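**Student:** So that we are looking at the same thing, I have put the structure below in structure tokens.
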Ligand SMILES: *Cc1c(COP(=O)(O)O)cnc(C)c1O
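Numbering (my numbering), first residue to last: 824 to 1216.
So this is what it looks like as structure tokens:
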């Protein structure tokens, strides 16, 4: 039985539900509750003392939320997994679990923007020393370790600019110094990379993206190995970023179809990236599955797939030209988030958000999240957009 349930596609369908416990109902029901009643004082007393072996209050879990967490724990091969009310709250829970006042944390310059703001505005306020490092530093990260370094944060590819990190020597260097490693694994999903299996201590996801997959909710996930399980559960219960039951239900429904959505979106994204590489408007395509892309060899060694999010660097355009392009797109709409069924476009200027890596001052990039639309329609939308941009320059 265990053998039959071991493969990912089967896990996605069969884990995290027990129809026989719910009168044969295929999906786990949505439990709207705060209170979970005790049958007698004996159980109530155990709940007070923390020795009752079941959920005692909805803040600590419900069957709806626990089923989602258990499914994700399986996918990540984790000792403990908690689900939170957003991807950012997952980052916060993981960092607060691993750090205390006086510690030094190494954060990649390509870290997700709101995580960076949390480090700068909150962690520093609580006495944590924050240092940003070049995401491409690789094994040379060891030279940045100080006696008080407690956390090495990883995110590969980097947010917006898609740097592929040389994870292996970084993990080894951190391990040699007993430094805790955390990775934001949102881009790869649990299907294309398993941080814990590679010796990383914490895996973080914004489940708002591919896991939920339908642009209809906010959710985060933190998973960790046995050494950190108790601490993760403690900090999670204290910060208490509990997602609601409807969102947990929808996230689990999204997770059921993750493999098919991702495979199709990945195929479409690669085809579009190849098409964009041949466009005169594009000077660089940052899609790691393209043989000429920066970090391609590292990506191939590390990941078992590339999802549907990538970026292109454009030849020089004015802000007016970029506006002419993106303001009138028919399919690629502009907005934060990604990983939904619909395609999105996001223009940005890396030089404005980075402090370590160097980018030309006025250069525009476009980040593209590829959805489930027809590929030729997506190309036509981009082609018309480039025509509008070229008319303005
Ligand atoms: C979106 C995102 C987050 C934050 O997730 P939210 O659900 O929006 O809070 C964290 N990391 C990465 C890489 C993201 O893209």
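Glycine included, each C-beta is placed from N, C-alpha and C at the ideal position.
Predicted model, so just to flag it, every value in this text is computed and none were measured.
(1) Cβ-heavy atom distance between residue 1007 and ligand 1 below 7 angstroms?
(2) In the DSSP assignment, what residue or residues form a beta bridge with residue 1170?
(3) Could you tell me the distance, in whole angstroms, from the CA atom of residue 1000 to the CA atom of residue 853?
(4) When DSSP labels each residue in this structure, what does residue 1113 get in the three-state scheme?
(5) Pick out the complete beta strand (DSSP E) segments inside the region 1004-1086, 3 residues or longer, and give them in chain order.
(6) Counting pairs of Cβ atoms below 8 angstroms between the region 1157-1169 and the region 1194-1201, do you hit three or more?
(7) Give the straight-line distance between the Cα atoms of residue 1029 and residue 1009, rounded to the nearest whole angstrom.
(8) How many Å lie between residue 1226 and residue 1169 at the Cα?
(9) Look at residue 878 and residue 885 and say whether their C-beta atoms are less than 8 angstroms apart.
(10) Would you say residue 937 and residue 986 are within 8 angstroms of each other, going by their C-beta atoms?
(11) Considering only the alpha carbon of each residue, which of 976, 826, 1082 lies closest to residue 836?
(12) Which term fits residue 1057, buried or exposed, when burial requires 16 or more other beta carbons within 10 angstroms of its beta carbon?
(13) Less than 8 angstroms separating the beta-carbons of residue 990 and residue 900?
(14) Tell me whether residue 1041 counts as near ligand 1, meaning its Cβ is closer than 7 angstroms to at least one heavy atom of that ligand.
(15) Which class does residue 824 belong to by DSSP, given the choice of helix, strand or coil?
(16) Within 10 Å of its beta-carbon, does residue 984 have 16 or more other beta-carbons around it, so buried, or fewer, so exposed?
(17) Just the Cα atoms here: how many angstroms apart are residue 942 and residue 921?
(18) Let me know the secondary structure DSSP gives residue 953 once reduced to three states.
(19) Which residues mark the beginning and the end of the alpha helix (DSSP H) in which residue 903 is found?
(20) Are at least three pairs of beta-carbons, each pair with one atom in the region 1137-1145 and one in the region 1171-1191, less than 8 angstroms apart?
(21) For residue 1216 and residue 1144, what's the separation of their Cα atoms in angstroms?
(22) When you compare each of 889, 902, 977 to residue 1006 by their alpha carbons, which one comes out closest?
(23) Round the Cβ separation of residue 1099 and residue 1135 to the nearest angstrom and send it over; I've been treating them as touching at under 8 angstroms.
(24) Whose C-alpha, out of 1074, 861, 903, 948, is nearest the C-alpha of residue 923?
(25) Kindly examine ligand 1 and report whether one of its heavy atoms sits closer than 7 angstroms to the Cβ of residue 1160.
(26) Are there three or more Cβ pairs, one per stretch, closer than 8 angstroms when the region 1036-1046 is compared with the region 1066-1081?
(27) Please tell me whether residue 1030 has its Cβ less than 8 angstroms away from any Cβ of chain C.
(28) Whole angstroms are fine: how far does the CA of residue 1102 sit from the CA of residue 962?
(29) Is residue 858 helix, strand or coil when you go by DSSP?
(30) For residue 973, report the span of its beta strand (DSSP E) as first-last.
(31) If you draw a straight line from the C-alpha of residue 1179 to the C-alpha of residue 1157, how long is it?
**Tutor:** Based on what the coordinates show:
(1) Here residue 1007 is taken as the residue at index 184 of the chain shown, counted from 1. Because some heavy atom of ligand 1 lies under 7 angstroms away, the Cβ of residue 1007 counts as near it: yes.
(2) Taking the first residue of the chain shown as 1, we reach residue 1170 at position 347. According to DSSP, which records beta bridges pairwise, residue 1170 is partnered with 1189.
(3) Residue 1000 sits at position 177 when you count from the first residue of the chain shown. Residue 853 sits at position 30 when you count from the first residue of the chain shown. Between residue 1000 and residue 853, the C-alpha separation is close to 45 angstroms.
(4) Here the question's residue 1113 lines up with position 290 in the chain shown. Residue state, collapsed to three classes: coil.
(5) 1025-1029, 1043-1047
(6) yes
(7) Your numbering for residue 1029 matches position 206 in the chain shown. Your numbering for residue 1009 matches position 186 in the chain shown. Rounded to the nearest angstrom, the two C-alpha atoms are 6 angstroms apart.
(8) Residue 1226 falls outside the range modelled here, since the chain spans only 824 to 1216, and no answer is possible.
(9) As a position in the chain shown, residue 878 is number 55, starting the count at 1. As a position in the chain shown, residue 885 is number 62, starting the count at 1. Contact flag set, yes.
(10) Along the chain shown, one-based indexing puts residue 937 at 114. Along the chain shown, one-based indexing puts residue 986 at 163. Their beta carbons are not under 8 angstroms apart, which means residue 937 does not touch residue 986 by this criterion.
(11) Translated into positions along the chain shown, residue 836 becomes position 13. Among 976, 826, 1082, the Cα nearest to that of residue 836 is on 1082.
(12) Counting from one through the chain shown, the residue named residue 1057 turns up at place 234. By the 10 Å Cβ count, residue 1057 comes out exposed.
(13) One-based indexing of the chain shown puts residue 990 at position 167. One-based indexing of the chain shown puts residue 900 at position 77. For residue 990 and residue 900, no; Cβs fall outside 8 angstroms.
(14) Counted from its first residue, the chain shown places residue 1041 at position 218. Answer for residue 1041: yes, Cβ within range of ligand 1.
(15) As a working note, residue 824 is residue 1 in the chain shown. Here the model assigns residue 824 a pLDDT of 47, short of 50, so the residue's position is not dependable, and the following value carries that caveat. The answer is coil: DSSP assigns residue 824 none of H, G, I, E or B.
(16) As a first step, residue 984 must be located in the chain shown, where it is residue number 161. The residue in question, residue 984, is buried, as its Cβ has 16 or more Cβ neighbours within 10 Å.
(17) In the chain shown, residue 942 corresponds to position 119, counting from 1. In the chain shown, residue 921 corresponds to position 98, counting from 1. When rounded, the distance between both Cα atoms is 13 angstroms.
(18) Residue 953 sits at position 130 when you count from the first residue of the chain shown. Residue state, collapsed to three classes: strand.
(19) As a working mapping, residue 903 is identified with position 80 in the chain shown. Run containing residue 903: none in the alpha helix (DSSP H); it sits in the beta strand (DSSP E), 903-907.
(20) yes
(21) Counted from its first residue, the chain shown places residue 1216 at position 393. Counted from its first residue, the chain shown places residue 1144 at position 321. C-alpha separation (whole angstroms): 5 angstroms.
(22) The residue labelled residue 1006 in the question sits at position 183 within the chain shown. Among 889, 902, 977, the Cα nearest to that of residue 1006 belongs to 977.
(23) For this step, residue 1099 is matched to residue 276 along the chain shown. For this step, residue 1135 is matched to residue 312 along the chain shown. Residue 1099 to residue 1135, Cβ: 5 angstroms. Contact.
(24) Position 100 of the chain shown, counted from the first residue, corresponds to residue 923. Here the closest residue by C-alpha is 948.
(25) Position 337 of the chain shown, counted from the first residue, corresponds to residue 1160. Yes.
(26) yes
(27) In the structure shown, chain C does not exist; there is a single protein chain.
(28) Within the chain shown, the letter at position 139 stands for residue 962. Within the chain shown, the letter at position 279 stands for residue 1102. Computed Cα separation, rounded: 36 angstroms.
(29) The count along the chain shown starts at 1 and reaches residue 858 at position 35. Here residue 858 sits in strand by DSSP.
(30) Within the chain shown, the letter at position 150 stands for residue 973. Residue 973 -> beta strand (DSSP E) spans 972-978.
(31) In the chain shown, residue 1179 corresponds to position 356, counting from 1. In the chain shown, residue 1157 corresponds to position 334, counting from 1. Computed Cα separation, rounded: 27 angstroms.
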